[in-house]
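Enquirer:
2 protein chains.
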Amino acid sequence: MDETKVQLSEREMPREWYNIAADMPEPPAPVLHPGTGRPIGPADLAPLFPMELIGQEVSQERHIPIPEEVQAVYRLWRPTPLYRARRLEAALDTPARIFYKYEGTSPAGSHKPNTAVAQAYYNKKEGVKRLTTETGAGQWGSALAMACNFFGLECKVYMVKVSYHQKPYRRVLMETWGAQVVPSPSQDTNAGRGILAQAPGSPGSLGIAISEAVEDAASREDTKYSLGSVLNHVLLHQTIIGREARAQMEKADAYPDVVIGCAGGGSNFAGIAFPFLRDRFAGRAIRFIAVEPEACPSLTRGVYAYDFGDTAMMTPLVKMYTLGHTFVPAGIHAGGLRYHGMAPLVSALYQQGAIEAVACGQRAVFEASVLFTRTEGIVPAPESAHAIRVVVDEALKSKAEGRSKTILFNLSGHGHFDLAAYEQYLAGELEDYSYPVEKVREALATLPKVS
Amino acid sequence: MDETKVQLSEREMPREWYNIAADMPEPPAPVLHPGTGRPIGPADLAPLFPMELIGQEVSQERHIPIPEEVQAVYRLWRPTPLYRARRLEAALDTPARIFYKYEGTSPAGSHKPNTAVAQAYYNKKEGVKRLTTETGAGQWGSALAMACNFFGLECKVYMVKVSYHQKPYRRVLMETWGAQVVPSPSQDTNAGRGILAQAPGSPGSLGIAISEAVEDAASREDTKYSLGSVLNHVLLHQTIIGREARAQMEKADAYPDVVIGCAGGGSNFAGIAFPFLRDRFAGRAIRFIAVEPEACPSLTRGVYAYDFGDTAMMTPLVKMYTLGHTFVPAGIHAGGLRYHGMAPLVSALYQQGAIEAVACGQRAVFEASVLFTRTEGIVPAPESAHAIRVVVDEALKSKAEGRSKTILFNLSGHGHFDLAAYEQYLAGELEDYSYPVEKVREALATLPKVS
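Just so you know, the sequences run in chain order A and B. Going by my numbering, the first sequence opens with residue 1, and the numbers climb by one from there. Going by my numbering, the second sequence opens with residue 1, and the numbers climb by one from there.
#1: Out of curiosity, what's the CA-to-CA distance linking PRO14(B) and PRO256(B)?
#2: What residues in the segment 121-151 of chain A have a beta carbon less than 9 angstroms from any beta carbon of chain B?
#3: Taking the DSSP output, what are the residues bridged to ASN410(B)?
#4: Do ALA305(B) and LEU299(B) count as a contact pair if the criterion is CB distance below 9 angstroms?
#5: Taking Cβ-Cβ distances below 9 angstroms as the criterion, which residues of the segment 158-181 of chain A are in contact with chain B?
#6: Which chain A residues are close to PRO107(B), counting only those with a beta carbon under 9 angstroms from its beta carbon?
#7: Chain B partners of VAL370(A), CB-CB under 7 angstroms?
#8: Name the residues in the segment 346-361 of chain A whose C-beta lies less than 7 angstroms from a C-beta of chain B; which are they?
#9: Nearest by alpha-carbon distance to TYR102(B): which of SER398(B), GLN352(B) and SER384(B) is it?
#10: If you drop the 5 nearest sequence neighbours on each side, which residues of the same chain put their C-beta closer than 6 angstroms to that of SER163(A)?
#11: Across which residues does DSSP place LYS224(A) in a beta bridge pair?
#12: Do you know offhand how far VAL128(B)'s Cα is from ASP222(B)'s?
#13: Is ASP393(B) helix, strand or coil by DSSP?
#14: Taking Cβ-Cβ distances below 7 angstroms as the criterion, which residues of the segment 12-25 of chain A are in contact with chain B?
#15: Between which two residues does the beta strand (DSSP E) containing ASP279(B) stretch?
#16: So with CB distances below 7 angstroms, who are the chain A contacts of GLN7(B)?
#17: Does any residue of chain B bring its CB to less than 9 angstroms from the CB of ARG363(A)?
#18: Measuring straight from C-alpha to C-alpha, what distance separates GLY104(A) and ARG84(A)?
#19: Using a 10 Å radius around the Cβ and a threshold of 16 neighbouring Cβ atoms, would you call GLY302(A) buried or exposed?
#20: Could you check the C-alpha separation between TRP17(B) and LEU236(B) for me, to the nearest Å?
#21: Between the Cα of ASP93(B) and those of THR239(B), ARG403(B) and GLN351(B), spot the shortest distance and give me the residue it belongs to.
#22: Chain A beta carbons: is any one of them nearer than 9 angstroms to that of ALA420(B)?
#23: Helix, strand or coil: which one does DSSP assign to ASP216(B)?
#24: In chain order, what residues of the same chain lie with their CB nearer than 8 angstroms to the CB of SER9(B), ignoring the 5 residues before and after it?
#25: Starting from PHE49(A), find everything on chain B with Cβ-Cβ shorter than 7 angstroms and list it in chain order.
#26: Going residue by residue through the segment 238-262 of chain B, where are the continuous beta strand (DSSP E) segments of at least 3 residues, counting only ones entirely within it?
#27: Taking the continuous alpha helix (DSSP H) assigned at PHE150(B), which residues delimit it?
#28: Should ALA217(B) and LEU48(B) be called a contact, given that it needs their Cβ atoms to be closer than 9 angstroms?
#29: Which residues, in chain order, does the segment 65-93 of chain B contribute to contact with chain A at a C-beta distance below 7 angstroms?
#30: So, with DSSP's three-state summary, where would you put VAL450(B)?
#31: Given that LEU426(A) touches chain B, what residues does it touch there, using C-beta distances under 9 angstroms?
#32: Jot down the residue ranges of each uninterrupted alpha helix (DSSP H) in the segment 273-330 of chain B, minimum 4 residues, whole runs only, in chain order.
#33: Taking DSSP's pairing of strands, which residues face LEU32(A) in a bridge?
#34: Please classify HIS165(B) as buried or exposed, where buried requires at least 16 other C-beta atoms within 10 Å of its C-beta.
#35: Determine, using beta carbons only, whether THR36(B) comes closer than 9 angstroms to chain A.
#36: Count the other CB atoms, across all protein chains shown, that sit within 10 Å of the CB of ARG389(A); report buried if there are 16 or more and exposed otherwise.
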């Protein structure tokens, strides 16, 4: 490959998502109703999600067609480019070949619209008028705001109050696409009012914001709820990343020895990894590394157990690697990785030994990210920068061993809204956070009992 | 054309810039030495610019090869996509076909790196170790910071003090690429110290920042100066935009009836327009519209006269449309359009009747920009939004006349660092600025006398 990047034409864009459930040697554990402890059915989810997404959640079909209406919106930025990171390779003086898929070309700046557009479409198709969701730093909220705008849906985003005030530009982005954004806890829901009554100065949390968005959706006929990670159908929609990357690697006459992605809820990692995992199931030697923050190390330090998806215990119970639903991670800049659990599909694959996981400290992550910016040009999102840290480490290992190796990673988004973090790093003022042993011990003590 | 966007492969990227000087029916007026009033020669410019750029400034060659080292950096984001704005067309219910070239895919987020990379390369090649420049809102400064980083040059950016404090993220972006950024007026130059002594609270201006950057470059052997617009060689480097657009329009089986670009110093307008202007010189019917803000309408309200390029009267005299070098435009959000003059090449073409110009108010510009964001997804930079205002007007005219028309415009950058402006617009708090008759009259009274 002589090119700097491999492009696919719009005609070469994949027309199907890849559903890993069809190929997993062992299926993931069923989702349980928190009251009865029995597996939940479609009816339990119907107040929150449209039937087509509920169907995808449990589908065993290997390939699921991407509706033409969804493809049409994808084409506003997809297929995304695959880069060969020659300048980074040169800076590291490594024999490794490094490729990255760049998802920051979407108008919202990350991979999140891949599922937001699909979810908005299916909701619209089933007559839904309005979607609610929560957002922390705002990557997900802005993706859903954009998607709702394209399909003529109202969108209400409950944004964690501390982020609402700290990251006004992400909020403005959502508003520019027409969404309504309120700081959470808000006066608009029972959950919000209850918390404000007890703690008027509450800075909010993702757990609280989820509770508000779910209550809002459940209490209105015309409204459903949308989640940006964790669930099977969300991971499914992200597989277009890996399917494109496969085609592009083939054009570059290359195949990865190792695939690397950061992992918060798990969807961007799944997006790049799942379409290659199929080869591993078929016997091919290929490694996968999910990278998480030391401040929130669900795979590397959590337990594999049934837990709630949210802090307020309103969701069903899912079996996953978890630090406990009451665990509140430190305020690292990679807001998208501050989740106590991990997608059930990714968790099952980790438990089955199909993928590896590594946890990184914040300063080491930004060190790698600044090196990337100075070699490849693009300023990565702090979440994506976690993957880069491990890419650099793998490339240096390759150098130490004197052996070439092909590395592929997902650069899930740009850091244009995260420059305050870079400012702190460059000033030597970025805090590091190590594994919070005691806090995790306490949170794990509150895991629900499942017989 | 069925596609949403037309891509070129890296192999299809143009390998030459287009030099309009070779085809202009009348050459622009010579640049004069402010002391002698005589045309300047290469020796006058040598302290500030490398010889290769001075050569390009006066070249009559039609095509100038893009060095392989510059192409290699371009390939990090070029060729950029050409979009068909189908959703905008649908929203306007217009028979017009609207195409746009999107330059926001560069790591710095605008078209500015097209010349920054070339300038850094030629300076490096001639042994220069360090470049200085000025920046207002920061688009240009970040482009040059990135370019210097790629060629191992030191970069010092004098950033207008009020922007330095109001737009910290643009500053951090420059620092992440390794540049040194100081608020101007600074203590680092005689010009800066002089102003601080008289006005310690000075918010700075582009004129002051230019004086500081020029003084710095002129006073150090290892340092030269870099300018982001206005000069012939800068416009030349931007013609890669229009050359790519020509090839892409051809692939789309289309040719523009009208080409539209915003115009501050003139380089992004020149970039999209010049490679098509050649056809006009050859007799083809094609219109060109430069769009400027009502607050700073150099083409539509200025005079065509010799004037200084900077406020401090340190530059040579150039013949251009100018509002007077002492004119200070109102604080519109399109910082890149706040320049008292217009590139001599663009000015000459306007004077010769080859191009048209329109001035727009800030609120009308943002109205069009929000419509664009909600139809096409991308949030435009406030500068680029000026072009969109006139695109919308032309498309509506097309509808009123019941005649189809093919419109091409340059979306020169994204607005990720300009969301404060969108926030004001959405809140109904955006100020409008009309043509400042009195201020321009006063400024024009200070034009230098040239015999």
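From the three backbone atoms N, C-alpha and C, an ideal C-beta is built for every residue, glycine too.
Expert: On the basis of the data shown:
#1: 20 angstroms
#2: MET146, ASN149 and PHE150
#3: LYS101(B)
#4: no
#5: PRO168, TYR169, ARG170, ARG171, VAL172, LEU173, GLU175, THR176, TRP177 and GLY178
#6: THR373, GLU376, GLY377, ILE378, VAL379 and HIS414
#7: THR176
#8: none
#9: SER384(B)
#10: GLY136 and ALA137
#11: LEU131(A)
#12: 5 angstroms
#13: Looking at ASP393(B) - three-state DSSP - the assignment turns out to be helix.
#14: none
#15: Segment 267-281 is the alpha helix (DSSP H) holding ASP279(B); no beta strand (DSSP E) there.
#16: Within 7 angstroms Cβ-Cβ: GLN7 and SER9.
#17: no
#18: 16 angstroms
#19: buried
#20: 6 angstroms
#21: ARG403(B)
#22: Chain A contact via Cβ: present.
#23: helix
#24: PRO79
#25: Near PHE49(A) there are no residues of chain B at all, since even the closest Cβ is about 25 angstroms away, more than 7 angstroms.
#26: 258-262
#27: 139-151
#28: yes
#29: ARG75 and LEU76
#30: coil
#31: VAL172, GLU175 and THR176
#32: If we require 4 residues or more, the alpha helix (DSSP H) runs fully inside the segment 273-330 of chain B come out as 298-301.
#33: PRO39(A) and LEU317(A)
#34: exposed
#35: So no, THR36(B) is outside the interface.
#36: buried
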